[in-house]
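*Asks:*
In my numbering, the protein residues as written are 448 to 1140.
1. Let's see if you can read the secondary structure: which residues bound the alpha helix (DSSP H) around residue 633?
2. Tell me whether residue 997 sits in a helix, a strand or coil according to DSSP, three-state version.
3. Mind checking whether residue 415 and residue 884 have CB atoms under 8 angstroms apart?
4. Going by DSSP in three states, residue 809 sits in which element: helix, strand or coil?
5. Would the beta-carbon of residue 652 fall within 8 angstroms of that of residue 452?
6. Which two residues bound the contiguous alpha helix (DSSP H) that contains residue 672?
7. Please state the DSSP three-state secondary structure of residue 608.
8. Tell me whether residue 1114 is buried or exposed, calling it buried when 16 or more other Cβ atoms sit within 10 Å of its Cβ.
9. Of all the options 852, 858 and 834, which has the alpha carbon lying nearest to the alpha carbon of residue 867?
10. Out of 648, 898, 472 and 482, state which residue places its alpha-carbon closest to the alpha-carbon of residue 749.
11. Kindly indicate which residue of 493, 470 and 631 has the alpha-carbon position closest to the one of residue 1217.
12. For the 8 angstroms Cβ check, are there 3 or more pairs between the segment 926-945 and the segment 959-972?
13. Tell me, please, whether the segment 632-647 touches the segment 558-577 by the rule of three or more beta-carbon pairs shorter than 8 angstroms.
14. For a test of the three-state rule: what should DSSP assign to residue 932, helix, strand or coil?
15. Evaluate residue 962 with the Cβ neighbour count: other Cβ atoms within 10 Å of its Cβ, from every protein chain shown; 16 or more gives buried, anything less gives exposed.
16. Three-state secondary structure (DSSP) at residue 715?
17. Determine the DSSP secondary structure at residue 709, reduced to helix, strand or coil.
18. Using the three-state DSSP reduction, which class does residue 914 fall into: helix, strand or coil?
19. Is there a Cβ from chain B that is less than 8 angstroms from the Cβ of residue 746?
20. Does the Cβ of residue 730 have 16 or more other Cβ atoms within 10 Å, making it buried, or fewer, making it exposed?
21. Return the CA-CA distance between residue 1026 and residue 1085, expressed in angstroms with no decimal places.
22. By DSSP, does residue 985 sit in helix, in strand, or in coil?
23. Pull up the DSSP beta-bridge partners for residue 1081, would you.
24. Could you check which residue in 859, 858, 895 and 734 has the C-alpha nearest to that of residue 1142?
25. Roughly how many whole angstroms lie between the Cα atoms of residue 462 and residue 504?
26. Would you kindly work out how many angstroms separate the C-alpha atoms of residue 935 and residue 726, rounded to a whole number?
27. How should residue 584 be labelled, buried or exposed, when 16 other C-beta atoms within 10 angstroms of its C-beta is the threshold for buried?
28. Would you kindly work out how many angstroms separate the C-alpha atoms of residue 740 and residue 988, rounded to a whole number?
29. Whose C-beta lies closer than 7 angstroms to the C-beta of residue 460 among residues of the same chain, with five residues either side of it excluded?
30. Kindly indicate which residue of 676, 1040 and 467 has the alpha-carbon position closest to the one of residue 1054.
31. Using the DSSP secondary-structure output, state which residues sit across from residue 1113 in a beta bridge.
32. Is residue 1138 helix, strand or coil when you go by DSSP?
33. Taking just the CA atoms, how far does residue 1070 sit from residue 907?
34. Spell out a yes or no on whether the segment 913-931 and the segment 762-776 are touching, meaning 3 or more CB-CB pairs, one atom from each, closer than 8 angstroms.
35. Flag residue 933 as yes when its Cβ comes closer than 7 angstroms to any non-hydrogen atom of the ligand NAD, and as no otherwise.
36. Considering residue 1040, what are the terminal residues of the beta strand (DSSP E) in which it resides?
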């Protein structure tokens, strides 16, 4: 397979259409950046008015190019871009970045012009970034025309962004902290190629030397299926991805739309997609930098849950411990022998527990020995050493930071440094960063970032369908149904899916109640068939005897829209809800939470993206606040959680196999132990429909 990514980040030749001698223009600034940052490949400059640009020879037109360039930048007025793209296509160019603005971010006419660019690229097998794009930067070339140009290094973070300004500002914040990058790729308006399409290029090119950490900034998700597939594949290869999805509030949607013509998706679906894909979702640039810093320093040990905090300021150490504990990371007491060694090393007054307070008088030698003792003596008891150091102002702080650098390199456990004294120790920090190290500026942010790393979503492998699940049969049963599906049809479909229902009969006449006594043990639950919200209308009642059932039947049939009455055996036990809702290109969301009449009031519901694996279903169940109710409490019996997860998987598979389901509400699923039943089910289905992605 052709490595399309390589031509973007390591092109042997670059053409700049619209190259300028004026660095105040995109076509001038990008040439200046390519030259000053030392691009060593063949640089082909196109300028119709000048034979030389910034001291380099220039060609008069695209037609004068001797061969198709590996990568072409277009930096000319918007009205000329389509013709230039067509000429490049005729030469056989495969990769083009349109820097020019004035397209879909402007108006409807711009969106039509943008669509024309995508059509040209698609017809000629080109990969097009932009328009309104900042460019691409890598260790080989500085191909962006604005903002900071940090030194890009192998092993640094890859950043794919739908916003050029976000790249620039995040790079400022990250570089100040010593975090290094490998590549920046911006997609601008994403006329043809969005963030998930670029991620696919990274996935296809991923190898042993590829970066292990990727940042994503997205204002729209053009293909949720592609994002899911590529992110899961990269996760399986050991790559961790952090992502921001903006435009999730109503005001945010408007801002995103005005920026790049983005279409915002329902935030619940976005979160479910990220969880299934194994993406760490963050909400700000600083949080992104924090998580990336934690991953960079973790030495690949990203699953530990025990830490020893080393600090020279007791209060800051306590705050770090508090946040670690909130994140589910333990801070155990040090072993007696470890404490004895530390007591001999440190002066009186040092705190020998966890946090380990080494006092502001700490020396480089003490820092070295403390980290060695903790790393070796506690190697089987802790996973991480978060270190918080300030600048007491007694002596030069550089030797202390140098001791931390040496420990980071020499010791087996990962060491994370929070250094808040950025002004008083700016010279020492500059040396720290020059040594290739990055740091945090706040101990609580450091602890929170460790938590985000450790608690990141895990990708689980797809599992075979349950043996008695028949999705094809369920699809056939529901095929002709539209709107609200009749209870008898629902019953047959759920039976095909292996989802048990209580014994039930549909009754249309009072006389039919007499014949139910022998077939359906009392007491009964009686529900009106027809209206959607039965409980709100008084459409659910209990009958202890057949005599009770007759007046109840008459009352239920008097409800507006009533067609018949469902008579069902009564089930006892905890109540949960399960459901499906179709979310466009995302597919179906699976809902799970505490059920019954208080489901909406409690709001204890979690969501996943269908279909669920057994592991995903189990995580969804474990994530609700009401889990103790399901496990059984105060002597009350609970539910078999494995059986509950099995039913949740089956519900999710119906979303896969019957895509026409608009909504499915099972509220409640009820019972004790493994005898769990779908007590009340409502399904709304559209006409036959096929998922767009």
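Ideal placement from N, C-alpha and C gives every residue a C-beta, glycine not left out. Just so we're clear, the structure is a prediction, and the values are computed from it rather than from any experiment.
*Replies:* By the coordinates alone:
1. Here residue 633 refers to the residue found at position 186 of the chain shown. Note, residue 633: premise wrong, no alpha helix (DSSP H); beta strand (DSSP E) at 628-633.
2. Within the chain shown, residue 997 is the residue found at index 550, counting from 1. Reduced to three states, the DSSP call for residue 997 is helix.
3. Nothing in the structure corresponds to residue 415, since the chain is present only between 448 and 1140.
4. The residue labelled residue 809 in the question sits at position 362 within the chain shown. Reduced to three states, the DSSP call for residue 809 is coil.
5. Position 205 of the chain shown holds residue 652. Position 5 of the chain shown holds residue 452. Contact: yes.
6. Counted from its first residue, the chain shown places residue 672 at position 225. Taken as a continuous stretch (DSSP letters only), the alpha helix (DSSP H) holding residue 672 covers 671-683.
7. Reading the chain shown from its first residue, position 161 is the one you call residue 608. Of the three classes helix, strand and coil, the one that applies to residue 608 here is strand, per DSSP.
8. Within the chain shown, residue 1114 is the residue found at index 667, counting from 1. Result: buried.
9. To locate residue 867, count along the chain shown from 1; it is residue 420. Considering only alpha carbons, the answer is 834.
10. Taking the first residue of the chain shown as position 1, residue 749 is located at position 302. When the alpha-carbon of residue 749 is set against those of 648, 898, 472 and 482, the nearest one is in 898.
11. For the chain, the structure presents residues 448 to 1140; residue 1217 sits outside this window and is missing.
12. Touching, no, given that fewer than three Cβ pairs across the two stretches are closer than 8 angstroms.
13. Contact between the segment 632-647 and the segment 558-577 is present: three or more C-beta pairs spanning the two stretches fall below 8 angstroms.
14. The count along the chain shown starts at 1 and reaches residue 932 at position 485. Correct three-state label for residue 932: coil.
15. In the chain shown, residue 962 corresponds to position 515, counting from 1. So residue 962 ends up on the exposed side.
16. The residue given as residue 715 occupies position 268 in the chain shown. If DSSP states are grouped into helix, strand and coil, residue 715 belongs with the helices.
17. The count along the chain shown starts at 1 and reaches residue 709 at position 262. Residue placement at residue 709 is poorly supported in this model, since its pLDDT is 36, which falls under 50; the coordinates still yield a value, given next. Reduced to three states, the DSSP call for residue 709 is coil.
18. Here residue 914 refers to the residue found at position 467 when the chain shown is read from its first residue. Looking at residue 914 - three-state DSSP - the assignment turns out to be coil, as it is neither helix nor strand.
19. Checking the listed chains, one finds no chain B in this structure; it contains a single protein chain.
20. Along the chain shown, one-based indexing puts residue 730 at 283. Flag for residue 730 reads exposed.
21. Here residue 1026 is taken as the residue at index 579 of the chain shown, counted from 1. Here residue 1085 is taken as the residue at index 638 of the chain shown, counted from 1. Approximately 21 angstroms, taken between the alpha carbons.
22. Start at 1 with the first residue of the chain shown, and residue 985 comes out as number 538. Note: residue 985 maps to coil in three-state DSSP.
23. Taking the chain shown and counting its residues from 1, one reaches residue 1081 at position 634. Residue 1081 pairs with nothing; no bridge assigned.
24. In the structure as shown, the chain starts at 448 and stops at 1140, and residue 1142 therefore has no counterpart that could be examined.
25. The residue given as residue 462 occupies position 15 in the chain shown. The residue given as residue 504 occupies position 57 in the chain shown. Approximately 12 angstroms, taken between the alpha carbons.
26. In the chain shown, the residue the question calls residue 935 occupies position 488. In the chain shown, the residue the question calls residue 726 occupies position 279. Roughly 41 angstroms separates the two Cα atoms.
27. Against the chain shown, residue 584 aligns to sequence position 137. Flag for residue 584 reads buried.
28. Looking up residue 740 in the chain shown gives position 293. Looking up residue 988 in the chain shown gives position 541. Separation of residue 740 and residue 988 (C-alpha to C-alpha, rounded to the nearest whole angstrom) is 58 angstroms.
29. Numbered from its first residue, the chain shown carries residue 460 at position 13. Counting only Cβ-Cβ distances below 7 angstroms, and skipping sequence neighbours, we find 488, 489, 491, 516 and 517.
30. For the purposes of this step, residue 1054 is taken as residue 607 along the chain shown, with counting starting at 1. Closest option to residue 1054, Cα to Cα, is 1040.
31. Numbered from its first residue, the chain shown carries residue 1113 at position 666. Paired residues: 1025 and 1128.
32. On the chain shown, position 691 is the one that residue 1138 refers to. Only weak support is given to the placement of residue 1138: the predicted model assigns it a pLDDT of 45, under 50, and the value that follows is read from those uncertain coordinates. It is coil, neither helix nor strand.
33. Position 460 of the chain shown holds residue 907. Position 623 of the chain shown holds residue 1070. Between residue 907 and residue 1070, the C-alpha separation is close to 16 angstroms.
34. no
35. With respect to small molecules bound, the structure shown includes none, and the ligand NAD cannot be examined in it.
36. Residue 1040 sits at position 593 when you count from the first residue of the chain shown. Counting along the chain, the beta strand (DSSP E) containing residue 1040 begins and ends at 1035-1041.
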